[in-house]
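Enquirer: Below you'll find the structure I mean.
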Amino acid sequence: MLTGGFGRRLKFGGHMKGFTVIKNWIRRYPVAVVAILAAIGMSIFVPGFATSTNLTAVGAQLSYIGICTTGLAFILIGGGNDLSLGTAMSASAVISGLVMINVGSKMSTPLGIIVILLMGMLFAAINGYFVAYLKVNAFMMTLITQFLFRGLALLLTNSLSVTGLPEGFVMIGRTTILGIPISIFVMLGFFIVGQFLLSKTTYGRKLFATGANEKAAKLVGISTSMVLFKAYLFGGICNAVSAIILVGKLKVANPTMGNDLFLDIISAAVIGGNSLFGGKGSIVGAAFGVLLFGLISNGLNILGVPYQDTKWIKGLIILLAISMDTINEKLSARNMLRFATTEDKKAHAKAK
Amino acid sequence: MTNSKLRSAITNKSFWLSNIVYIVVILAFIAFAFINPMFISEANLINLVRQSCTMIIVGIGVTMCMLTQGIDLSVGSVMYIAAVGMYMTMKAFDGLPIVVVMLIGMAIGLLIGLLNGFIVAVLKVYPLLPTLATLYAFRGIGLSIAGASVSQMPMEWIVIVSTKWFGIPVFVYITILLAILAQVFLSKTKLGRHIYATGDNEKMAREKGINVFNIKLFVYGMSGLMAAVAAILSSAMTMQASFTLGEGFEFKVITAAVLGGVSLNGGRGTVAPGVIVGALILTFISNVLVLLKANPYSYDIVYALVIFSVVVLDTIKIRSEER
Amino acid sequence: MKKTTMLVVSLLCVLVLVFTAGCGTIDAPAETAEEKPAEKVESAEEESPAAPVKIGIAMGAIQSTFCEGLRDGAAAKVKELGGEAIVVVSDGDATLQATQIEDLVAQGCQAIICFANDTDAIVASAQYCNENDVLFAEASRISTDLTYIDLALGFDNKQQAEICGEAILAGAKEVGYTDLKCIEFVGSLTDQNAIERQDYFDAFAAENDIEVVAKVLTEWDAELALNRFKDAITATGGDYNCIYSASDFLFTPIFSALSETDEWVVKGEEGYKIITGIDGAPDAVEKIRAGYVYMVANTDVMLLGAETADKVYDMVVNGTRYEGDDKLIIIDAQTITSENCDDPAIWGNNY
């Protein structure tokens, strides 16, 4: 029987009435409050924000970050990390692009999609294997693969963008319905699917358990390595889809196009409550984290804050997010300990 | 080594895991000496040592952080801020003696390092993410101060690299001296032993009465200081406080340290000969790549593969020891 | 308790945003005086018409005085004409530049002057501007596909490369070098200018008996240039006597490396290398004056920036449009050697 912080998450979406639901929701996701306040505030105070041009642009900008953050959230919850998401995005896009222009037939767009998904999953599998099975330090491993993928992308293209991509592939990221880019709908789709997987399926429960306390999870019979590995694979899929959308934005496959996105992605994930320590988080939180971070980025750009200032402001924000995370962890460590001990005791009793 | 010792060493899996990289490198070195005799020319060898110097200097600081089971990814950005700081000082105060400017640069590095250390000591998460954040933060602040303009160093600054003793630049001697001093400090002094202890097992170190907080402040402060010294050297080489000064450098330094036997899990490793050897190996690899006329874009991949093998081997070794 | 902490810290993030918002919108002439050169240049409001023309200047990485000169030339011209110039810098990141251009459009810019990071990727942004009725002009870095681009001003890379080649030949005659061996510094291959400067020089060298013994791929980065140059010296055994650099901001690492081998000398001394380059930046002109560098191809980048700004402003206010071949305007380069380096008209002497 799972108790403590765990149980509350399972109760999400349970039978609580009206106002209480909203109040509970706000308490659980303070990020949502801040994000919504920020959105309202910016519409009022920042000139040029609430225009349709800007909002569609922001929406599109959020989409590739949002989908990727969903994947990262899964990995973080499982107790892992992936610093290579940005460069993996560039590498997958470039490889897919090269395949498409060399095949050059009617089948090239579907082929390109398949290739990019495969590459995304391959890169993720490499990370996942070494982190989940061989237990290499996740930070170190993905730092290395970050450079590996970056070098790969540059090497394959000699640092030039891959141009002449099939129209069909490029338009995926650019299609709009009623003026709204479909990438936003895709992002929302990922959010919904992701949150569902986390809160309503057995896999989700296993993932939280693995991240919270791996030893205890193993004792209960969860194959933690497989669980974490699957999280990485999911991250890889998300990454590949983000890559497709990003290619749509630039219309070429630029070998460094995703490299600097990593900071935005991890900031959004951590701000959204996905703990670096594992075992805690949600896609809902991540979604609002993406929104908040995207709003901040957009706001800084629109207000004409110089590029170098946005860099340290973002650095500052991620430090704040990590502080939040650490404070949270410290305060709930006592709960975790109790939970783990109870589990340990039960498993120990079972094993006897 | 006696015969039986040699035999047991060769059959010992642990021996291979630890030393395979060095063996491969020695073999490669000999091979290249035959393939391209220019490789062992005096000019090339001196070049090798010269190019390793910035890596060794920064490596001193980063190794100290790694010994405490931490890491400092922001060294590249600290290098940049120190360089910018020195440039601005020289612009503001004409005719200031170079030594003073260097001291100011080192002070900047030290202060920023201490700030880093404070953040890391307070936040209990593995320092990779905090120092990643400070990497961006400091780079941004530095760019802000530099005011988006190209910062050329004044002509006198070149003496830092052009002064020579017996045909070898002075900074090479200084680098080796610093590395040896650092190692002596780590092995022989109480503070040095405490650093190792903290990395070995932080809880136990705390119980023994070691002030872990201060230790962390110290090592990150040193990291910042060393980064500033490296910045002096680097900015003198390019004669600019280039925007991209130090970018991506942290990765190379960590690779050099890990190659030299410094463990990512703390508590193990040396600056001399460890980091020196690691840096030389890395420079050797890039040297070889150049002489082979390899595509420059392959360099990153090669470095990544090298550190990858070392990390994986290291992890396998630790896991097998645990059993 | 912990939720409150999260809330408080999240609110701090928003405060940071609001704070920077306050800094951005306050008209602060004192602030712009402190900063080097102003990021947001406001027009002289007493004299200009009701709504000043907003022109966005989207810069790629500022890696050299050349880039600075372009930015400043354009921004100053816009201000002079009574418009408002908004400068953004994207430091080599193509995705960021695309995002910044989208945001500039959202801010209400009527035209964008762009110094692209990646001339291939920027086409998408040009198309975006097109769709939003915003003019898109390129300065110096010109895409091969000009369909969506309304105006492009640049320099003649072929001419520049060739006058450098000719200078090497002339210099060789002066100092008596017969066997010409050249180390070539190549810029970032995402930059069309770098590609052309390399290709045309290589063609010239092939036809004129100049042997390119090594190429230094600099990616427009001084540190990389220095390290790879030193490696090239090793690989060639130091056997070279002339240098061609795609941009003269690379003269500084060249100076550094040559100082270490005691080969940074003036014409006629032992070890003298015939050094040529393109751009005409102030410190390069200085080096010519001092006798170390033989020649640079002068590209008046401030003029380029100002001309682009001028024409773009005209396009916005008067509706002028350029079609077909007229879209591309090429500005000539001149040769600067020790003979004419004190000419006051050279931008390197005025910056």
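Protein chains in written order, with the numbering used here: chain A, 3 to 354; chain B, 6 to 328; chain C, 38 to 388.
C-beta atoms are modelled at their ideal positions from N, C-alpha and C, and glycine is treated no differently.
As the structure is a computational prediction, the values presented were derived from the model and not from experiment.
1) So, for LEU285(B): in the same chain, excluding its five sequence neighbours on each side, which residues have a beta-carbon less than 8 Å away from its beta-carbon?
2) Taking DSSP as the reference, what is the three-state secondary structure of GLN371(C)?
3) Name the one or two DSSP bridge partners that MET96(C) has.
4) Would you call the CB atoms of ILE246(A) and LEU167(A) closer than 8 Å?
5) Does any residue of chain A bring its CB to less than 8 Å from the CB of PHE313(B)?
6) Span of the alpha helix (DSSP H) holding ASP84(A)?
7) Could you give the distance in angstroms between the alpha-carbon of ARG324(B) and the alpha-carbon of LEU145(A)?
8) One question on the structure: do GLY356(C) and VAL333(C) come within less than 8 Å of each other, judged by their Cβ atoms?
9) Output needed for PRO132(B): all residues of its chain with C-beta closer than 6 Å, excluding positions within five of it in sequence on either side, in chain order.
10) Got a sec, what are the start and stop residues for the alpha helix (DSSP H) CYS279(C) sits in?
11) I need the straight-line Cα distance from VAL115(C) to ALA343(C), nearest angstrom please.
12) Within 10 angstroms of the Cβ of ASP155(C), are there 16 or more other Cβ atoms? Answer buried if so, exposed if not.
13) Can you name, in chain order, every residue of its own chain whose Cβ lies under 7 Å from the Cβ of VAL33(A), other than the five neighbours on each side?
14) How would you list, in chain order, the residues of chain F whose beta-carbon sits under 7 Å from the beta-carbon of ILE306(B)?
15) Taking ASP320(C) as the query, report the chain B residues whose CB atoms sit under 7 Å from its CB, ordered along the chain.
16) Which value, in whole angstroms, describes the spacing of the CA atoms of VAL171(C) and GLU360(C)?
17) Any idea if ALA87(B) is buried or exposed, counting beta-carbon neighbours within 10 angstroms, 16 or more meaning buried?
18) Under 6 Å Cβ to Cβ from GLU256(C), same chain only, skipping five residues before and after it: list those, please.
19) Secondary structure at ASP347(C), three-state DSSP: helix, strand or coil?
20) Pull out every residue of the region 328-353 of chain C whose Cβ sits closer than 9 Å to any Cβ of chain A, in chain order.
21) Since PRO183(A) and ALA62(A) should fall inside the 8 Å C-beta cutoff, what is the C-beta to C-beta distance between them, to a whole number of angstroms?
22) Out of LYS108(A), THR55(A) and GLY191(A), state which residue places its alpha-carbon closest to the alpha-carbon of GLY181(A).
23) Quick check for students: name the residue ranges of the alpha helix (DSSP H) that lie wholly in the region 101-155 of chain A, counting only runs of 4 or more.
24) Between the C-alpha atoms of ALA204(C) and GLU117(C), what's the straight-line distance to the nearest angstrom?
25) Over the uninterrupted beta strand (DSSP E) stretch that includes GLU175(C), give me the two end residues.
26) By the DSSP assignment, the beta strand (DSSP E) with MET332(C) in it spans what residues?
27) Is THR58(A) helix, strand or coil when you go by DSSP?
28) Could you name the residues of the region 151-184 of chain C whose beta carbon sits closer than 7 Å to any beta carbon of chain A, in the order they occur along the chain?
29) Please list, in chain order, all residues of the same chain as LEU119(A) whose beta carbon is under 6 Å from its beta carbon, the five residues on each side excluded.
30) Is MET189(A) close to chain C? Criterion is C-beta to C-beta, closer than 8 Å.
31) Classify LYS96(B) as buried or exposed, calling it buried when 16 or more other Cβ atoms lie within 10 Å of its own Cβ.
32) For GLU68(C), does the three-state DSSP call read helix, strand or coil?
33) From this set, ILE150(C), ILE92(C), TYR214(C) and CYS201(C), which residue's C-alpha is nearest ILE186(C)'s C-alpha?
34) VAL195(A) to PHE286(C), Cα distance in whole Å?
35) Mind checking if LYS251(A) is an interface residue toward chain C, Cβ cutoff 8 Å exclusive?
36) Does the Cβ of ILE312(B) have 16 or more other Cβ atoms within 10 Å, making it buried, or fewer, making it exposed?
Expert: Well, looking at it:
1) The residue given as residue 285(B) occupies position 280 in the second sequence. So the qualifying residues of the chain are LEU53, VAL54 and SER57.
2) As a first step, residue 371(C) must be located in the third sequence, where it is residue number 334. Strand, per DSSP.
3) Mapped onto the third sequence, residue 96(C) falls at position 59. DSSP lists VAL126(C) and PHE152(C) as partners of MET96(C).
4) Locating residue 246(A) in the first sequence gives position 244, where the first residue counts as 1. Locating residue 167(A) in the first sequence gives position 165, where the first residue counts as 1. Taking 8 Å as the Cβ cut-off, ILE246(A) and LEU167(A) do not qualify as a contacting pair.
5) By one-based count along the second sequence, residue 313(B) stands at place 308. Yes, its Cβ sits closer than 8 Å to a Cβ of chain A.
6) Here residue 84(A) refers to the residue found at position 82 when the first sequence is read from its first residue. Premise fails: ASP84(A) is in no alpha helix (DSSP H) and is neither H nor E.
7) Walking along the second sequence from the start, residue 324(B) turns up at place 319. Walking along the first sequence from the start, residue 145(A) turns up at place 143. Just so you know, the alpha carbons of ARG324(B) and LEU145(A) end up roughly 21 Å apart.
8) Counted from its first residue, the third sequence places residue 356(C) at position 319. Counted from its first residue, the third sequence places residue 333(C) at position 296. Not closer than 8 Å, so no.
9) The residue given as residue 132(B) occupies position 127 in the second sequence. Excluding positions up to five away in sequence, the list reads GLY75, ILE76 and VAL125.
10) Looking up residue 279(C) in the third sequence gives position 242. Careful: CYS279(C) lies outside any alpha helix (DSSP H), inside the beta strand (DSSP E) at 279-282.
11) The residue given as residue 115(C) occupies position 78 in the third sequence. The residue given as residue 343(C) occupies position 306 in the third sequence. Distance between the alpha carbons of VAL115(C) and ALA343(C): 8 Å.
12) The residue you call residue 155(C) lines up with position 118 of the third sequence. Buried, by the Cβ-count rule.
13) Locating residue 33(A) in the first sequence gives position 31, where the first residue counts as 1. Within the same chain, and ignoring the five residues on either side of VAL33(A) in sequence, the residues whose Cβ sits closer than 7 Å to its Cβ are ILE273, GLY274, GLY275, GLY287, PHE290, GLY291 and LEU294.
14) Looking for chain F here will not work: the only protein chains present are A, B and C.
15) Residue mapping note: residue 320(C) aligns to position 283 of the third sequence, counting from 1. Those within 7 Å of ASP320(C) in chain B are GLN157.
16) Within the third sequence, residue 171(C) is the residue found at index 134, counting from 1. Within the third sequence, residue 360(C) is the residue found at index 323, counting from 1. Their backbone Cα atoms lie some 16 Å apart in a straight line.
17) Translated into positions along the second sequence, residue 87(B) becomes position 82. With 16 or more Cβ atoms within 10 Å of its Cβ, ALA87(B) is classed as buried.
18) Counting from 1 along the third sequence, the entry for residue 256(C) is found at position 219. If we look at GLU256(C) and ignore the five residues flanking it on each side, its Cβ neighbours are SER225.
19) The sequence position of residue 347(C) within the third sequence is 310, counting from 1. Looking at ASP347(C) - three-state DSSP - the assignment turns out to be helix.
20) none
21) For the purposes of this step, residue 183(A) is taken as residue 181 along the first sequence, with counting starting at 1. For the purposes of this step, residue 62(A) is taken as residue 60 along the first sequence, with counting starting at 1. Your pair PRO183(A) and ALA62(A) checks out as a contact, with CB atoms roughly 5 Å apart and the cut at 8 Å.
22) Within the first sequence, the letter at position 179 stands for residue 181(A). When only C-alpha atoms are compared, the closest one is THR55(A).
23) 110-130
24) In the third sequence, counting from the first residue as 1, residue 204(C) sits at position 167. In the third sequence, counting from the first residue as 1, residue 117(C) sits at position 80. Computed Cα separation, rounded: 38 Å.
25) Locating residue 175(C) in the third sequence gives position 138, counting from the first residue. Start and end: 172-176.
26) By one-based count along the third sequence, residue 332(C) stands at place 295. That run of the beta strand (DSSP E) goes 332-335.
27) Position 56 of the first sequence, counting from 1, holds the residue named residue 58(A). Secondary structure of THR58(A) (DSSP, three-state): helix.
28) ASP155, ASP157, ALA158, VAL160, ALA161 and ASN169
29) The residue given as residue 119(A) occupies position 117 in the first sequence. The beta carbon of LEU119(A) lies closer than 6 Å to those of ALA242 in the same chain, with the five residues before and after it left out.
30) Residue 189(A) sits at position 187 when you count from the first residue of the first sequence. Answer no: the Cβ-Cβ gap between MET189(A) and chain C never drops below 8 Å.
31) Residue mapping note: residue 96(B) aligns to position 91 of the second sequence, counting from 1. Under this definition LYS96(B) is an exposed residue.
32) Residue mapping note: residue 68(C) aligns to position 31 of the third sequence, counting from 1. Unreliable positioning characterises GLU68(C) in this predicted model, as indicated by a pLDDT of 34, which lies under 50. The coordinate reading is nonetheless provided below. Helix, per DSSP.
33) Here residue 186(C) is taken as the residue at index 149 of the third sequence, counted from 1. Considering only alpha carbons, the answer is ILE150(C).
34) Residue mapping note: residue 195(A) aligns to position 193 of the first sequence, counting from 1. Residue mapping note: residue 286(C) aligns to position 249 of the third sequence, counting from 1. If you take the alpha carbons of VAL195(A) and PHE286(C), they lie about 52 Å apart.
35) Looking up residue 251(A) in the first sequence gives position 249. Yes, contact with chain C.
36) Here residue 312(B) is taken as the residue at index 307 of the second sequence, counted from 1. ILE312(B) comes out buried.
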